[in-house]
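In the working numbering, the protein residues as written are 880 to 1172.
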């Protein structure tokens, strides 16, 4: 039976974080950490409007060009095509994109799937079955078969997804150089990424590959996350890629999630190695994560 809630903890103080967290770390058990990020500069500073002001400055031009993913119906089937754009332009477009989603039939009725949406999901699944890591050209070629979708531009939603925070030095200084996972000898920092988007963005069921620990921090807005235990068996296209072209809110999922939760501003979700997860944005949001080997 699905458990509707992951346990949550609040550290007495961040100096005691390791001792209060290690039970979950060694058990490889998801947990929501409350108020852990509240003392970080990014918690108070970061917002869509703050980023808009910051990146309107021409002096930031060296970091203003970013890669965003154009997603049909807001559905992310990584690996996605990447499109270069100005971060300032992308940020300005979010209000229109949010309004467009909230007036779409796909928002008013979560179960609504027109023929084009169904075809998009089916075709992407077929294409991913033949995916090879050597097919690198599809990242930038909109005419590559993996990148063709049947919907018009009004159903394309853009997502700054898994963008390396190191490429944005003007804001990377607002995050700590270490997190609680650095206190464990078994952990080795891998990378940190930024996610910015609107309501309706959904990432297909996947686990993080290579196998890494994930500290997922919600800094603005809300996200719904479903989690499945690593022992659950999903088809991952012959094991080549760790995503399943499956969206549990749109299709029959063969296995109910172990947990089904909503992350609010200030929440940090620990996703242990190998845990399957599906992410759905419930509002305009900013998320930050830290991966550890």
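We put the CB at the ideal spot given by N, CA and C, even for glycine.
**Asked** Candidates 1065, 1160, 1087, 1101: which alpha carbon is nearest residue 901's?
**Response** 1065
**Request:** May I ask you to list the residues that DSSP assigns as paired with residue 1043?
**Result:** 1072
**Message:** If contact is defined by three or more beta carbon pairs under 8 Å, each pair taking one atom from either stretch, is the region 1076-1083 in contact with the region 930-946?
**Reply:** no
**Item:** Close beta carbons around residue 1117, own chain, < 6 Å, minus the five adjacent residues each side
**Value:** Because the pLDDT at residue 1117 is just 45, under 50, the model does not fix this residue reliably, and the value given afterwards should be weighed accordingly. Cβ within range, chain order: n/a, list empty.
**Request:** Could you name the residues of the same chain whose beta carbon sits closer than 6 Å to that of residue 962, not counting the 5 residues immediately before and after it, in chain order?
**Result:** 947, 949
**Request:** Would you please state the rounded distance, in angstroms, between the beta carbons of residue 1102 and residue 1142? I believe it to be under 8 Å.
**Result:** 5 Å
**Message:** Measuring straight from C-alpha to C-alpha, what distance separates residue 1070 and residue 1043?
**Reply:** 7 Å
**Prompt:** Would the beta-carbon of residue 1059 fall within 8 Å of that of residue 1172?
**Reply:** no
**Message:** Does the distance between the C-beta of residue 1065 and the nearest non-hydrogen atom of the ligand FAD fall short of 7 Å?
**Reply:** Ligands in the displayed structure: none, and consequently the ligand FAD is not present.
**Message:** Assuming residue 1082 is part of the beta strand (DSSP E), what are its boundary residues?
**Reply:** 1081-1085
**Request:** Could you check if residue 1124 is buried or exposed, using at least 16 other CB atoms within 10 Å of its CB as the buried criterion?
**Result:** buried
**Request:** Would you list the one or two residues that DSSP bridges to residue 1096?
**Result:** 1147, 1167
**Message:** Let me check one thing: in DSSP terms, what residues is residue 1107 bridge-paired to?
**Reply:** 1155
**Prompt:** Is DSSP giving residue 981 helix, strand or coil here?
**Reply:** helix
**Request:** Identify whether residue 1117 lies in helix, strand or coil by the three-state DSSP scheme.
**Result:** Residue placement at residue 1117 cannot be trusted, given a pLDDT of 45 that sits under 50; what the coordinates show is reported in the next sentence. Correct three-state label for residue 1117: coil.
**Prompt:** Going by DSSP, which residues form a beta bridge with residue 1137?
**Reply:** BP columns for residue 1137 are empty, so no partner.
**Item:** Among 1166, 1114, 1161, nearest to residue 978 - alpha-carbon criterion
**Value:** 1161
**Message:** I'd like to confirm the pairing. Which residues does DSSP put opposite residue 1102 in its beta bridges?
**Reply:** 1142, 1160
**Request:** Can you tell me the Cβ-Cβ gap for residue 1083 and residue 942, rounded? I've got them flagged as a contact below 8 Å.
**Result:** Not a contact, Cβ separation roughly 29 Å.
**Request:** Report the rounded CA-to-CA distance for residue 1256 versus residue 928, giving the unit in angstroms.
**Result:** The chain is shown from 880 up to 1172; residue 1256 falls before or after that span and cannot be answered.
**Asked** Near residue 980, what residues of its chain come up, given a Cβ to Cβ distance below 8 Å and the 5 sequence neighbours on each side ignored?
**Response** 953, 986, 1036, 1077, 1078, 1079
**Request:** Give the straight-line distance between the Cα atoms of residue 1061 and residue 996, rounded to the nearest whole angstrom.
**Result:** 42 Å
**Message:** What residue range does the beta strand (DSSP E) around residue 932 cover?
**Reply:** Here residue 932 belongs to no beta strand (DSSP E); instead the alpha helix (DSSP H) covers 927-933.
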